[in-house]
DNA sequence: AGGCGTACATCAGGGCTTTGATAGTTCGGG
DNA sequence: CCCGAACTATCAAAGCCCTGATGTACGCCT
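Residue numbers (my numbering), protein chains in the order written: chain A, 1 to 158; chain B, 1 to 158.
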């Protein structure tokens, strides 16, 4: 019973941010679990999913879709490419950009992995009423606005 | 305008998990921002905060409090120790465990950093009514339960 | 006392993520 | 026509985080 672990845990957890973090962790853990058999990480799956909706997109745009930095996406793409799940080739009209698309193997793998990933989200949705889901989304979106827009007043004058 | 970016973004974002992830990202980004002047990352701050509530705790327990693996906590502690913000010494009664506590410099830094970190959470809380906060917490906690408990039915027979 | 289960610390390896900096490309306005 | 702004890709360095695997110390139970 060193140091009243119970009490400390409460002190740490009361913050609303803790709840958000906890939920995100649980979501990531569960998705990782169902994706593991396919040898995919969550970011890898996310990239492939986005790629299935927007074939031939540039790495930078893909990064924006997945809400990560271009550097992060670059590492994800690199490992996917090394496994032959995606293919990159220089664009014909834009000498700079690398056109990225799922390989046949990638499409096949994604189809199977997506079923599992969707099932996780579905299990989540099914545990709530549609109203509750909408409410949750609305509250979270408001939180995002508060956190991003609010605060930093570093001369937003112009 | 390659590939209907707008449309794709919607398809990616509709999943409830996306909202949670987005909120968590915004929270992390904002906390990172206010912590940067102190040279602290969010995990480092979290560890120091927990350490302030439970001085002399073991690394493993600290990891549990912060919801990370012992390995992750070990790396965090190592960098904190290299900056003289925490001190570790072998326990007297348990030859195995390393007792970790904040140094004086660590306490001083935490006091200042904590004010900023709390301000972020406070800004978040102030943007909602108490009822809304409670509701958000309740929904998120239910989501956690669904994600962790539900699902894996690998023979819970006994 | 000896053995087993629990807990702690740590090494090794693979990935993700961020900030900062470099460099080539494209396009439009001066 | 040239230059700068915007976009793209990439290198480098620092951290964080997880899985898996050791090795060791403790404590209880037989």
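The beta carbon of each residue, even a glycine, is placed where N, CA and C say it ideally should be.
Can you give me the Cβ contacts of residue 133 of chain A inside the same chain, cut-off strictly under 8 Å, excluding the 5 residues immediately before and after it? Cβ within range, chain order: 125.
For the pair the region 60-73 of chain B and the region 33-46 of chain B, tell me if three or more CB-CB distances fall below 8 Å. Counting C-beta pairs closer than 8 Å gives three or more between the region 60-73 of chain B and the region 33-46 of chain B, which meets the contact rule.
Whole angstroms are fine: how far does the CA of residue 80 of chain A sit from the CA of residue 61 of chain B? Rounded to the nearest angstrom, the two C-alpha atoms are 36 Å apart.
I'd like to know whether the C-beta of residue 21 of chain B is nearer than 9 Å to at least one C-beta of chain A. Yes, because at least one Cβ of chain A sits closer than 9 Å to the Cβ of residue 21 of chain B.
Establish whether the CB of residue 76 of chain B and some CB of chain A are separated by less than 9 Å. Contact of residue 76 of chain B with chain A is not assigned, every C-beta pair being separated by 9 Å or more.
Would DSSP call residue 90 of chain B helix, strand or coil? Here residue 90 of chain B sits in strand by DSSP.
Could you check which residue in B/130, B/82, B/34 has the C-alpha nearest to that of residue 16 of chain A? When each option's Cα is compared against that of residue 16 of chain A, the closest is B/130.
Report the residue ranges of all beta strand (DSSP E) runs contained in full by the region 80-151 of chain A; include only those spanning at least 3 residues, in chain order. Secondary structure within the region 80-151 of chain A: the beta strand (DSSP E) runs of 3 or more consecutive residues, fully enclosed, are 86-90, 98-102 (chain order).
Determine the contact status of residue 148 of chain A and residue 26 of chain B, defining contact as a CB-CB distance below 9 Å. Their beta carbons are under 9 Å apart, which means residue 148 of chain A touches residue 26 of chain B by this criterion.
Proximity of residue 65 of chain B and residue 117 of chain B at Cβ, strictly below 9 Å: No. Outside cutoff.
Beta-carbon contacts of residue 112 of chain B that lie in its chain and below 7 Å, excluding the five residues immediately before and after: When the five nearest sequence neighbours on each side are left out, the beta carbons in the same chain lying within less than 7 Å of the beta carbon of residue 112 of chain B are those of 38, in order along the chain.
Taking the C-alpha atoms as reference points, what is the distance between residue 98 of chain B and residue 52 of chain A? For residue 98 of chain B and residue 52 of chain A, the distance between alpha carbons rounds to 49 Å.
Cβ atoms of residue 123 of chain A and residue 20 of chain B: under 9 Å apart, would you say? Contact: no.
Looking at the strands, I want to know which residues DSSP matches up with residue 77 of chain A. The partner list for residue 77 of chain A (beta bridge, DSSP) is empty, contrary to what the question assumes.
When the distance is taken between beta carbons, is residue 144 of chain B closer than 9 Å to residue 119 of chain A? With contacts defined as CB atoms closer than 9 Å, residue 119 of chain A and residue 144 of chain B fail to qualify as a contacting pair.
Got a sec: which bits of the region 115-128 of chain B sit with their beta carbon under 8 Å from any beta carbon on chain A, in order along the chain? Residues of the region 115-128 of chain B with a C-beta less than 8 Å from any C-beta of chain A: 120, 121, 123, 124, 125, 127, 128, listed in chain order.
Uninterrupted alpha helix (DSSP H) stretches inside the region 23-58 of chain B (no shorter than 4 residues): As far as the region 23-58 of chain B is concerned, its whole alpha helix (DSSP H) runs of at least 4 residues are 42-53.
Buried/exposed call for residue 58 of chain B, threshold 16 Cβ in 10 Å: By the 10 Å Cβ count, residue 58 of chain B comes out buried.
Helix, strand or coil for residue 67 of chain A per DSSP? Annotated three-state conformation of residue 67 of chain A is coil, per DSSP.
Quick check on the burial criterion: 16 or more other C-beta atoms within 10 angstroms. Buried or exposed for residue 138 of chain B? Exposed is the call here.
Tell me whether residue 31 of chain B is buried or exposed, calling it buried when 16 or more other Cβ atoms sit within 10 Å of its Cβ. Its Cβ being crowded by 16 or more others within 10 Å, residue 31 of chain B is buried.
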